[in-house]
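Working notes for the structure below.
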Amino acid sequence: NAGVTQTPKFRVLKTGQSMTLLCAQDMNHEYMYWYRQDPGMGLRLIHYSVGEGTTAKGEVPDGYNVSRLKKQNFLLGLESAAPSQTSVYFCASSFVLRDRSSYEQYFGPGTRLTVT
Amino acid sequence: AQKVTQAQTEISVVEKEDVTLDCVYETRDTTYYLFWYKQPPSGELVFLIRRNSFDEQNEISGRYSWNFQKSTSSFNFTITASQVVDSAVYFCALSDLTNTGTASKLTFGTGTRLQVTL
Numbered sequence: 041n042a043g044v045t046q047t048p049k050f051r052v053l054k055t056g057q058s059m060t061l062l063c064a065q066d067m068n069h070e071y072m073y074w075y076r077q078d079p080g081m082g083l084r085l086i087h088y089s090v091g092e093g094t095t096a097k098g099e100v101p102d103g104y105n106v107s108r109l110k111k112q113n114f115l116l117g118l119e120s121a122a123p124s125q126t127s128v129y130f131c132a133s134s135f136v137l138r139d140r141s142s143y144e145q146y147f148g149p150g151t152r153l154t155v156t
Numbered sequence: 141a142q143k144v145t146q147a148q149t150e151i152s153v154v155e156k157e158d159v160t161l162d163c164v165y166e167t168r169d170t171t172y173y174l175f176w177y178k179q180p181p182s183g184e185l186v187f188l189i190r191r192n193s194f195d196e197q198n199e200i201s202g203r204y205s206w207n208f209q210k211s212t213s214s215f216n217f218t219i220t221a222s223q224v225v226d227s228a229v230y231f232c233a234l235s236d237l238t239n240t241g242t243a244s245k246l247t248f249g250t251g252t253r254l255q256v257t258l
């Protein structure tokens, strides 16, 4: 099992450009998440998905869009990149327990994005 | 609103010393989960432990131990006989069950950077 993979690992964008980050998991997890990690701020949830075809906003959703067309993939899009979106982006996935809570989240290796 | 506080930004110890990383949380939920993750210099996030709010038993796993005290809303992590390979950023996180049927979202602390030197 590859677990959670992210593509690309690194990317440099100019302000105003767009891009899509791809997250894939092979563990048949229902829940998937996108976080950003900034120095001194821990990880903050951008968007998440509780299943194929559904998405919801997290703590810092502005400037990002997501899609979950297939259960194993969760895409994060930046329509018009800004320097404030320079960050490390982590994707995660988790099982669903019977009480609909989720088990621990398994994280991908991260994507380091720089917007100039 | 949920909150996780890791007041120690950075800790430096010499190998073989014991070290405790503090985690204090705030939540209005009676049912919740607490986690610790390790982020080594390579950058990936490694799951260490999950504890639910009904289980206050301390846990030991090799050189790692966790002390969960509901009365003080703390979930502290101790590394015994630290090693250089323990050098990493450690995150404490809290997950709620506020919304049945939705994903339990993790609220992370800001992390504690542990540096273990020879």
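If you read the protein sequences in the order shown, they are chains L and W. Just so you know, the first sequence maps onto residues 41 to 156 in our numbering. Just so you know, the second sequence maps onto residues 141 to 258 in our numbering. Where is the CB? At the ideal position from N, CA and C, for every residue including glycine. Since the model is a prediction, treat every value here as computed from it, not as a measurement.
{"Item": "Just to confirm, are Val90(L) and Val136(L) a CB contact at a threshold of 9 angstroms?", "Value": "yes"}
{"Item": "What whole-angstrom Cβ distance do Val128(L) and Gln77(L) have, given they're in contact under 8 angstroms?", "Value": "5 angstroms"}
{"Item": "Between Gln179(W) and the rest of its own chain, which residues show a CB-CB distance below 8 angstroms, the 5 nearest in sequence each way excluded?", "Value": "Leu185, Val186, Ala228, Val229, Tyr230, Phe231, Gly251"}
{"Item": "Using only alpha-carbon positions, find the residue among His69(L), Gly117(L), Lys111(L) that is nearest to His87(L).", "Value": "Gly117(L)"}
{"Item": "Using DSSP bridges, identify the partner residues of Met81(L).", "Value": "Met81(L) pairs with nothing; no bridge assigned."}
{"Item": "Whether or not the region 103-115 of chain L and the region 69-83 of chain L are in contact is what I'm after, with contact meaning three or more pairs of Cβ atoms, one per stretch, closer than 8 angstroms; do they touch?", "Value": "yes"}
{"Item": "Give me, in chain order, the residues of the same chain whose beta-carbon lies closer than 7 angstroms to that of Gly56(L); leave out the 5 immediate sequence neighbours on both sides.", "Value": "Ser120, Ala121"}
{"Item": "Can you look up Gln112(L) in the DSSP assignment and give me helix, strand or coil?", "Value": "coil"}
{"Item": "Just the Cα atoms here: how many angstroms apart are Gly189(L) and Leu254(W)?", "Value": "For chain L, the structure presents residues 41 to 156; residue 189(L) sits outside this window and is missing."}
{"Item": "Within its chain, find whatever has a CB closer than 8 angstroms to the CB of Lys210(W); leave out the 5 residues flanking it on each side and keep chain order.", "Value": "Ser193, Glu196"}
{"Item": "Give the range of the beta strand (DSSP E) segment to which Val164(W) is assigned.", "Value": "164-166"}
{"Item": "Taking beta-carbon pairs under 9 angstroms, can you tell me which members of the region 83-96 of chain L lie near chain W?", "Value": "Leu83, Arg84, Leu85, Tyr88, Ser89, Val90, Ala96"}
{"Item": "Show which residues of chain W have a CB atom less than 7 angstroms away from the CB atom of Pro48(L).", "Value": "The premise fails here: Pro48(L) is roughly 14 angstroms from chain W at the closest Cβ pair, so nothing lies under 7 angstroms."}
{"Item": "Taking only three categories from DSSP, how would you classify Thr247(W)?", "Value": "strand"}
{"Item": "Whole angstroms is fine: what's the gap from Thr240(W)'s alpha carbon to Glu99(L)'s?", "Value": "Unreliable placement is indicated for Thr240(W), whose pLDDT of 46 sits below 50; the coordinate value is still reported in the next sentence. Thr240(W) and Glu99(L): Cα-Cα distance of roughly 18 angstroms."}
{"Item": "On the DSSP bridge list, what partners appear for Tyr204(W)?", "Value": "Ser201(W), Ile219(W)"}
{"Item": "Between Leu93(L) and Thr60(L), what straight-line distance do the alpha-carbon atoms span, to the nearest angstrom?", "Value": "According to the sequence provided, residue 93(L) is Gly. The question's Leu does not apply to it. Roughly 17 angstroms between the two C-alpha positions."}
{"Item": "Return no unless some Cβ of chain W is closer than 9 angstroms to the Cβ of Met81(L).", "Value": "yes"}
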